[in-house]
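Trainee: The opening position of the sequence shown corresponds to residue 47 in this note's numbering, with each subsequent residue numbered one higher. Note that CB positions come from ideal geometry on N, CA and C, so glycine has one too. Sending over a structure as structure tokens; questions will come in a sec.
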Amino acid sequence: LRISTMTAICSINLNIDLGILYEYIDLSNDSYPYVKSCQYGTDNIKGDFKKKKTKRKKKPVTAKRNYFQNQATLIIVISEERKVNLKIFRNGKIQMTGLKSKDEGIVACEKLIDEITRISKIDEKISGDQKIESIISDFSIVLINSLLRFLSIFFWINWSFFLPVNLCFRFPEIQSSYNCLIFILLVMMILKTGSIFVKQIRDVKN
47 LRISTMTAIC SINLNIDLGI LYEYIDLSND SYPYVKSCQY GTDNIKGDFK
97 KKKTKRKKKP VTAKRNYFQN QATLIIVISE ERKVNLKIFR NGKIQMTGLK
147 SKDEGIVACE KLIDEITRIS KIDEKISGDQ KIESIISDFS IVLINSLLRF
197 LSIFFWINWS FFLPVNLCFR FPEIQSSYNC LIFILLVMMI LKTGSIFVKQ
247 IRDVKN
């Protein structure tokens, strides 16, 4: 069992003016961690905010796109190989995806708090009359994506001794087969409620 990514939620106990956060966010990458990009509102994107290309369904001309005006999305790079997708809401609630551990989430939140503290010296309205403190509360892992890899000869049985054999003497064309070099990859999603979803990706031949 190997953890692929985790989703976590927490709070920094501040009401944030996301417009001010977006306006003064620092995207310099002098050292880790740093903010790679910030998105807020409709077309407001700063920095490198690349998404995977997906096929979009055509919508009627009269259809209006829905945007979340009460949140901003930041990509925070915490190391050369690791980055975290962080959504910050006006009420200080945070949702993070792409985590490998709780520590990565803490590092990303602390970077956000440092940015808010720095910006408050430029425009104190970013947090109103609230005192900015490095307090991260209610941290919780709500989803774990895991990868399972099963070897088809998991049990200590010499199946090659039994296979291939005829399953039915009346239908000799029906036979069983066995390949000891086939691996099965499964993706497991573990929810906070205890529910588990397992999906087979593909068979991998060694």
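1) Reducing DSSP to helix, strand and coil, say where Gly65 ends up.
2) Within the continuous beta strand (DSSP E) that includes Thr143, where are the two ends?
3) Ends of the alpha helix (DSSP H) at Lys148?
4) Whose C-alpha, out of Lys157, Phe185 and Asp184, is nearest the C-alpha of Leu67?
5) Are the CB atoms of Lys148 and Lys122 within a distance shorter than 9 Å?
6) Would you identify the three-state DSSP class for Ser57, choosing helix, strand or coil?
7) Could you give the distance in angstroms between the alpha-carbon of Asp175 and the alpha-carbon of Asp63?
8) Would you call Ser173 buried or exposed, if buried means 16 or more other Cβ atoms sit within 10 Å of its Cβ?
9) Where does Lys82 sit, in a helix, a strand or coil, going by DSSP?
10) What are the boundary residues of the beta strand (DSSP E) that Thr119 is part of?
11) On the criterion of 16 or more Cβ atoms from any shown chain inside 10 Å, does Gln117 qualify as buried, or is it exposed?
12) How far does the beta strand (DSSP E) with Leu73 in it reach, from first residue to last?
13) Which residue or residues does DSSP assign as beta-bridge partners of Ile49?
14) With a threshold of 6 Å on Cβ separation, who are the neighbours of Leu141 within its own chain once the five nearest residues in sequence on each side are excluded?
Mentor: According to the data block:
1) helix
2) Lys139 to Leu145
3) Lys148 to Ser166
4) Lys157
5) Looking at the sequence shown, residue 122 is not Lys but Ile. Not in contact: Ile122 and Lys148 (Cβ atoms no closer than 9 Å).
6) strand
7) 12 Å
8) buried
9) strand
10) Gln117 to Val123
11) buried
12) Where Leu73 is concerned, there is no enclosing beta strand (DSSP E), given that its DSSP letter is neither H nor E.
13) Ser192
14) Here the sequence assigns Gln to residue 141, which means Leu is not the residue at that position. Ile55 and Lys133.
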